[in-house]
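This report refers to the structure that appears directly beneath it.
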Amino acid sequence: MSGNWLVDLVPAERPGRVAYLFPHAGAGVSAVLALGRALAPDPHPVAVRLPGRESLLDQAPIADLPAVARRLAAAIRTHAGEAQIILCGHSSGSVLAYATARELEPETAALLVVSAQQAPGTPVRTAAGAWDLPDDRFFAQVVTDGYLPAELLDAPDVLEMVAPALRADYRATYEYLTGSTRWAPVASPILAVRATEDETVAEEDIAAWSALTTGGHTTALIAAGHNLLRDRPVELADALRHALP
105 MSGNWLVDLV
115 PAERPGRVAY
125 LFPHAGAGVS
135 AVLALGRALA
145 PDPHPVAVRL
155 PGRESLLDQA
165 PIADLPAVAR
175 RLAAAIRTHA
185 GEAQIILCGH
195 SSGSVLAYAT
205 ARELEPETAA
215 LLVVSAQQAP
225 GTPVRTAAGA
235 WDLPDDRFFA
245 QVVTDGYLPA
255 ELLDAPDVLE
265 MVAPALRADY
275 RATYEYLTGS
285 TRWAPVASPI
295 LAVRATEDET
305 VAEEDIAAWS
315 ALTTGGHTTA
325 LIAAGHNLLR
335 DRPVELADAL
345 RHALP
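Add 104 to the 1-based position in the sequence shown for this note's numbering, that's all there is to it.
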């Protein structure tokens, strides 16, 4: 069941606004925990944890991003109830958040936050089939592309554990970004967050998110490298709150 893909990070009773936090490729609750704590209690933070990671490690990862987005949209509708929905993705999690926003319509998320990720429709920065490379080359490629912190290259036990989910997410994101999907704008307003020292995503590729919304577009700059979830969760939370209607 996809209901267990959503993890409440703090207790809440009938929250007015709920922020669903989509981590980067291969990651789970732990990656968005600091951001969730910085957001709480309003909006109420909920982590997105997909099969193949953490407590769902025994479940096979899913390398079909549209299918995941459809199931997440259904789970989010049920979980949110009458609460206002906010979607917040970091790195490749931004692509899944965007796809989920599309699946939620005609309902509209109050805000879609995309962090440190090129917009769909811009040139993809990695090569086809990278997810099938041997471990050393695959992990090096993922670090180069900005989807994995470089320090994890020195943690082989962690890499072995996250490899299946990471490969599945990497393939799903690539195939979605290079597929025949028509990049229709969503009705949700978009906040695009750019890390000023991020060398993996070009400024114009962040700005290109403006074409994917009819609800208004704003950009926030945070002085940091790519890994905003780890290095600047409070600043990211502040940017999200500032953009809320």
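By construction, the Cβ of each residue, glycine as well, lies at the ideal position given by its N, Cα and C atoms.
Would you kindly check if the distance between the Cβ of residue j and the Cβ of residue i is under 8 Å?
i    : j    : result
S198 : D273 : no
P141 : L161 : Reading the sequence as shown, one finds Arg at residue 141 and not Pro. Contact flag unset, no.
A254 : V247 : yes
G193 : V228 : no
R286 : Q188 : no
D168 : A276 : yes
L325 : L139 : no
A201 : F126 : yes
D302 : A171 : no
D249 : T230 : yes
A306 : G329 : no
Quick check on this structure: which residue in the options has the alpha carbon closest to the alpha carbon of residue i?
i    : options                : result
T154 : T318, R175, L137, A296 : The question names Thr, but residue 154 in the sequence shown is Leu. Of T318, R175, L137, A296, the residue nearest in Cα terms is R175.
G156 : V218, P145, G132       : G132
G233 : S134, L125, A306, Q245 : Q245
R118 : A184, E303, H346       : A184
A85  : R286, H321, P165, R336 : Any question about residue 85 goes unanswered here, given that the chain covers just 105 to 349.
L252 : A129, A167, V122, E308 : A129
D342 : A144, A220, M265       : A144
Y124 : A167, V136, P224       : V136
D240 : W313, A116, L257       : L257
L344 : A116, I294, A223       : I294
S359 : S159, A116, H148, P115 : The question about residue 359 has no answer, for the chain in this structure spans 105 to 349.
A267 : S219, D236, A312, T282 : D236
P238 : E279, E264, A171       : E264
A223 : A296, V338, W109       : A296
Y280 : T304, T204, P260, H148 : T204
A288 : H148, L316, Q163       : L316
H346 : A259, R271, I190, I166 : I190
With DSSP as the reference, label residue i as helix, strand or coil.
i    : result
P289 : coil
R298 : strand
D112 : strand
L208 : helix
S219 : strand
L348 : coil
T322 : strand
H194 : strand
R334 : helix
Q188 : strand
So residue i and residue j are supposed to be a Cβ contact under 8 Å. How far apart are they, rounded?
i    : j    : result
A177 : L208 : 5 Å
A291 : T318 : 6 Å
A151 : V111 : 4 Å
Below 7 Å, is the gap between the Cβ of residue i and the nearest heavy atom of the ligand COA?
i    : result
L191 : By its list of ligands, the structure shown contains no ligand whatsoever, and the ligand COA lies outside what it can speak to.
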